[in-house]
Each structure stands twice: as structure tokens, then as C-alpha cells.
Amino acid sequence: MEETEDSDALLVLTEMVLRHEDDVAQMRKEIHRLLVEEEWRAAMRSRHSLTVECLNTPAESAWMSLYMHGSDKNFLNATSLTRATFNQLLGRFAGFYSTRAAPSRGRPPKLRSLHQVLGMLLCFYVGSMKKNTLCMLFGVPPATLARTLRKAEDALSVALQGYAPARIAFPSPSQQAKLAKLVEGREPLLKYTFGFIDGKNLRVSG
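Numbering (the working numbering) for the sequence shown: 124 to 329.
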């Protein structure tokens, strides 16, 4: 009788040990899976992100070269505005955007000049380049780019309200005729054409 009881107890104990070992093995697999997932997420974040170390400073960026030495044609290609028109808009924009650091933050902003901020926003609107390309063009990391674009969009939206040069005005018949002659003089195949409308496709996340 005692031998039977001892055998039963041994079987129960063996079953408990085996079950425990199985639970531990399953737990190890789950921990390994979670670690692999976390490593993958970190790899994906680093894959699509640029660090400050690999970027030129904003003062040495490609935008600064364009701003300092670019022609009207260069400016038009990058921002859709001539230099004179860009500076006119910049004067208006300056009243609605500040590059000074907030009182609660001791760190100065990476973009010290308003023309860098407005140029970044216009390049974002006009071009089809990815954000990493904009980071390299202006010498700022992705977080700074996103934060600056968001703030600049809000400022420009307010700045354009009631701003006469930004209004949409349809030319009079006499102005249409003059503009059509200018267009035809440059492009003979385009007759009775006084203007063009361009569009911009923006990605929208659902």
C-alpha cells in the first residue's frame, strides 16, 4: 500500500516538474519573441531616421548655399517664388513666427533665421522630396523638421489672411489679352492662354 502511495506521489511530482519545465520553455520563447520584436522596431526606427552626427549644420546646409548664392531661377525651382517675392512673403511671415527659444527652454532653436523656416515649408509644399531629403537639405534631424513644419504651417496660415498679394484675383479681359500675347510670344503653340494652374498632391494618412 505504501509503495503504491509513493509511486502515485512520484508520478504527481514528475508531472508537476515536467509541466513547470514546459511553462518555463514557453515563457523563454515568448521573451525571445518580444526581444526580437523590440530589436526589429528599433532597427526600423533607426533605418528611417537621420541623426545630427550625419548632417551638416543648418549654417552649412544646401539651403544656405541656395539662399546666399542662388539665382531667381534656382529660387523658383525650389520654392516656386522668385527671390524678390520670397523676401516679400518673408517680411509678412516674420510678424507671425518667432525663432527665439521659449522661456522654459534653455536650448536655442536649430534654425536661427526665418528664411530657413519659410524656405523649408515652401520646399516641402513645392517638391516631392521625402522628409529625410529635407533633413539633409536644411541640416536638421527628423524631430526638428516635423516640429518646425507644423509650427510654420500654422504661422503662414495666419499670415496669409488679409494679405493682399496672396489673394486670388482673376484678370480683366484687357489684362487677359496682354498676358495671352506674352505667353504666345514665348510659346507660339499656346494661343489664347493667359495663365496656368498647378496642383500639389499631399499624402494623407487615414
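Glycine is no exception: its CB is placed at the ideal position from the N, C-alpha and C atoms.
Please return the same chain residues whose Cβ sits closer than 7 angstroms to the Cβ of residue i, not counting the five positions on each side in sequence.
| i | result |
| --- | --- |
| residue 197 | 189 |
| residue 199 | 205 |
| residue 299 | 317 |
| residue 279 | 216 and 244 |
Look at the alpha carbon of residue i and the alpha carbon of residue j, and state the distance between them as a whole number of angstroms.
| i | j | result |
| --- | --- | --- |
| residue 275 | residue 143 | 59 angstroms |
| residue 371 | residue 316 | Limits of the chain in this structure are 124 at one end and 329 at the other, which puts residue 371 out of reach. |
| residue 304 | residue 293 | 17 angstroms |
| residue 257 | residue 177 | 14 angstroms |
| residue 179 | residue 245 | 20 angstroms |
| residue 154 | residue 137 | 26 angstroms |
| residue 286 | residue 183 | 33 angstroms |
| residue 252 | residue 185 | 14 angstroms |
| residue 140 | residue 254 | 56 angstroms |
Quick one: what's got a C-beta closer than 6 angstroms to residue i's C-beta in the same chain, skipping five residues either side?
| i | result |
| --- | --- |
| residue 203 | 249 |
Less than 8 angstroms between the CB atoms is what I'm expecting for residue i and residue j, so what's the real figure, rounded?
| i | j | result |
| --- | --- | --- |
| residue 174 | residue 264 | 7 angstroms |
| residue 216 | residue 266 | Rounded, the Cβ-Cβ distance is 22 angstroms, inconsistent with contact. |
| residue 181 | residue 261 | 6 angstroms |
| residue 307 | residue 301 | With 8 angstroms as the limit, residue 307 and residue 301 do not qualify as a contact, their Cβ atoms being about 11 angstroms apart. |
Kindly list the residues whose CB is nearer than 8 angstroms to the CB of residue i, restricted to its own chain and excluding five residues on each side of it in sequence; keep chain order.
| i | result |
| --- | --- |
| residue 272 | 243, 244 and 247 |
| residue 218 | 282 |
| residue 211 | 288 |
Do the region 238-246 and the region 206-224 touch if we need at least three Cβ pairs shorter than 8 angstroms? yes
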